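K.L.:
In this note's numbering, the protein residues as written are 677 to 1115.
Built from N, CA and C at the ideal position, the CB exists for glycine as well.
Since the model is a prediction, treat every value here as computed from it, not as a measurement.
So that we are looking at the same thing, I have put the structure below in structure tokens.
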């Protein structure tokens, strides 16, 4: 009896340890690798006169750039802890990804800041809103955040939870929403791009009603009204089988479609790797930060029409892109110690060109009276990930590689040409979340 009792106890401990190990591993996977989207596409027809269904890149108007404020909230456990020590850095990577993708459609994002907030304690839940069990928990979290002042009315608000039982991201399926949720492991990946696209009314590419043909003269053509209502995304009924969390018709090593599925009128789908890679598809292991021209045009048209009136408060100007999101400009006196130089958001090609003017502080965006050369003292690629290097050197003006038309004038602005050096006093112009403070 004693022997049997000892063996039973040992087995119990082994099974318990194994169960805990499996739980930890599954939790880690949910934290870091879950790209699935919980957003449901609205079944309502598109409003009349808003979307053209266009896919012509030349129709994008560079004389009408759209600049949107965006702000990030990092949700912690009620005790202030989280599992993502690099979350602030990942936010900057996410901002860069948004701009690199959406700039080609004339849409720009102005980074307004990142703030970590502690979740309230919830009944029988030590994680609070840091871990979201169901979709309703996300919306409850947004209600709490709004009531507590953790929502910017003049910006797109991205809430970065730890992980969720429903997947990696979520956005309201209402036209013109300006908030979304992203798991903290997906900020710098396709998840953020995907959920912001939902905010801009871009839908999932999958549909059971969209026909394969792209011939507008074919009586079965419905790509401009069915599914995502975008003509240059391929019709598909979905790549992911949720019953097995697998992709039976996608070769995940090449991201090629290997199925022979038919639409509901008997035509074979025409699906290529670029369709499998689309950011709004559900072949999640293959998803890339890529949208088609038609999807980009739809996003722009949604912003311009602003049917619900929610986008207008989030708009800002091209001039805002020439302002740092943090740091301080030296104005006079000894250099502060420590000195926090002005930092600019990643995702743009910058050249800081040698300039000359009487400008101990950067000249206003509207003032182009300064002189400058083509000599770049600092050049930054849009793909740069050394974010602390994106600063404004003295005696230079900022050139951003923006595709703007002639009425916007030169893209070299804000000459900073400071020759002051005092002995015992100092003045700096400081930026905190883009608020100007004279000190």
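#1: Using 10 angstroms around the beta-carbon of residue 927, count the other beta-carbons present and answer buried if the total reaches 16, otherwise exposed.
#2: Taking the C-alpha atoms as reference points, what is the distance between residue 748 and residue 882?
#3: If you draw a straight line from the C-alpha of residue 646 to the C-alpha of residue 777, how long is it?
#4: Report whether the distance from the Cβ of residue 906 to the nearest heavy atom of the ligand SAH is below 6 Å.
#5: Roughly how many angstroms separate the alpha carbons of residue 844 and residue 835, rounded to a whole number?
#6: In this structure, what does DSSP give as the bridge partners for residue 857?
#7: Alpha helix (DSSP H) containing residue 757: first to last residue?
#8: For the candidate residues 711, 996, 730, 713, whose alpha-carbon lies nearest to that of residue 974?
#9: Would residue 787 and residue 1021 qualify as a contact pair, given that the criterion is a beta-carbon distance under 7 Å?
#10: Round the Cβ separation of residue 951 and residue 909 to the nearest angstrom and send it over; I've been treating them as touching at under 8 Å.
#11: Which residue's Cα is closest to the Cα of residue 801: 830, 766, 754?
#12: Alpha carbons only, please: which of 956, 793, 1045, 1082 is nearest the one belonging to residue 847?
#13: Grab me the residues of residue 830's own chain with a C-beta within less than 7 Å of its C-beta, minus the 5 sequence neighbours each way, in chain order.
#14: Unbroken beta strand (DSSP E) runs of length 3 or more, entirely within the stretch 1004-1072: which are they?
#15: Taking a contact to mean a Cβ-Cβ separation below 7 Å, would you say residue 1096 touches residue 1036 in this structure?
#16: Just the C-alpha distance for residue 930 and residue 947, rounded to the nearest angstrom, thanks.
#17: Measuring straight from C-alpha to C-alpha, what distance separates residue 960 and residue 1070?
#18: What does the alpha-carbon distance come out to for the pair residue 795 and residue 1091?
#19: Short check: CB of residue 864 to CB of residue 750, under 7 Å?
#20: What residues are listed by DSSP as bridge partners for residue 807?
#21: Look at the alpha carbon of residue 1053 and the alpha carbon of residue 1027, and state the distance between them as a whole number of angstroms.
#22: Could you tell me which residues DSSP puts in a beta bridge with residue 982?
#23: Please classify residue 1000 as buried or exposed, where buried requires at least 16 neighbouring CB atoms within 10 angstroms.
#24: When the Cα atoms are used, what is the spatial distance from residue 985 to residue 712?
P.N.:
Taking the structure as given:
#1: Working through the chain shown from its first residue, we reach residue 927 at position 251. With fewer than 16 Cβ atoms within 10 Å of its Cβ, residue 927 is classed as exposed.
#2: In the chain shown, residue 748 corresponds to position 72, counting from 1. In the chain shown, residue 882 corresponds to position 206, counting from 1. Their Cα atoms are separated by approximately 29 Å.
#3: Because the chain spans 677 through 1115 in this model, residue 646 falls outside it and cannot be assessed.
#4: Ligands in the displayed structure: none, and consequently the ligand SAH is not present.
#5: Sequence index remark: in the chain shown, residue 844 carries index 168 (1-based). Sequence index remark: in the chain shown, residue 835 carries index 159 (1-based). If I take the Cα positions, the gap works out to 12 Å.
#6: Indexing the chain shown from 1 puts residue 857 at position 181. For residue 857, which the question treats as bridged, DSSP gives the partners 835, 846.
#7: Mapped onto the chain shown, residue 757 falls at position 81. That residue, residue 757, is in no alpha helix (DSSP H); it is neither H nor E in DSSP.
#8: For the purposes of this step, residue 974 is taken as the residue at position 298 of the chain shown. Cα-wise, what sits closest to residue 974 is 730.
#9: As a first step, residue 787 must be located in the chain shown, where it is residue number 111. As a first step, residue 1021 must be located in the chain shown, where it is residue number 345. Their beta carbons are under 7 Å apart, which means residue 787 touches residue 1021 by this criterion.
#10: Within the chain shown, the letter at position 275 stands for residue 951. Within the chain shown, the letter at position 233 stands for residue 909. The Cβ separation is near 7 Å, so the contact holds.
#11: The residue given as residue 801 occupies position 125 in the chain shown. If we check each option's Cα against that of residue 801, 754 comes out closest.
#12: The residue given as residue 847 occupies position 171 in the chain shown. Answer by Cα proximity: 956.
#13: Counting from one through the chain shown, the residue named residue 830 turns up at place 154. 745, 989, 990.
#14: 1026-1032, 1047-1056
#15: Here residue 1096 refers to the residue found at position 420 of the chain shown. Here residue 1036 refers to the residue found at position 360 of the chain shown. Against a cut-off of 7 Å, the Cβ pair of residue 1036 and residue 1096 comes out as a contact.
#16: The residue given as residue 930 occupies position 254 in the chain shown. The residue given as residue 947 occupies position 271 in the chain shown. Pairing residue 930 with residue 947, the inter-Cα distance amounts to about 13 Å.
#17: As a working note, residue 960 is residue 284 in the chain shown. As a working note, residue 1070 is residue 394 in the chain shown. The straight-line gap from Cα to Cα measures roughly 45 Å.
#18: Looking up residue 795 in the chain shown gives position 119. Looking up residue 1091 in the chain shown gives position 415. Between residue 795 and residue 1091, the C-alpha separation is close to 43 Å.
#19: Taking the first residue of the chain shown as position 1, residue 864 is located at position 188. Taking the first residue of the chain shown as position 1, residue 750 is located at position 74. No, these two residues do not count as a Cβ contact at 7 Å.
#20: Within the chain shown, the letter at position 131 stands for residue 807. Paired residues: 839.
#21: As a position in the chain shown, residue 1053 is number 377, starting the count at 1. As a position in the chain shown, residue 1027 is number 351, starting the count at 1. Distance between the alpha carbons of residue 1053 and residue 1027: 8 Å.
#22: For the purposes of this step, residue 982 is identified with residue 306 of the chain shown, where counting begins at 1. In DSSP, residue 982 forms no bridge with anything.
#23: Taking the chain shown and counting its residues from 1, the one referred to as residue 1000 is at position 324. Its Cβ being crowded by 16 or more others within 10 Å, residue 1000 is buried.
#24: As a position in the chain shown, residue 985 is number 309, starting the count at 1. As a position in the chain shown, residue 712 is number 36, starting the count at 1. Using only the alpha carbons, I get a separation of about 29 Å.
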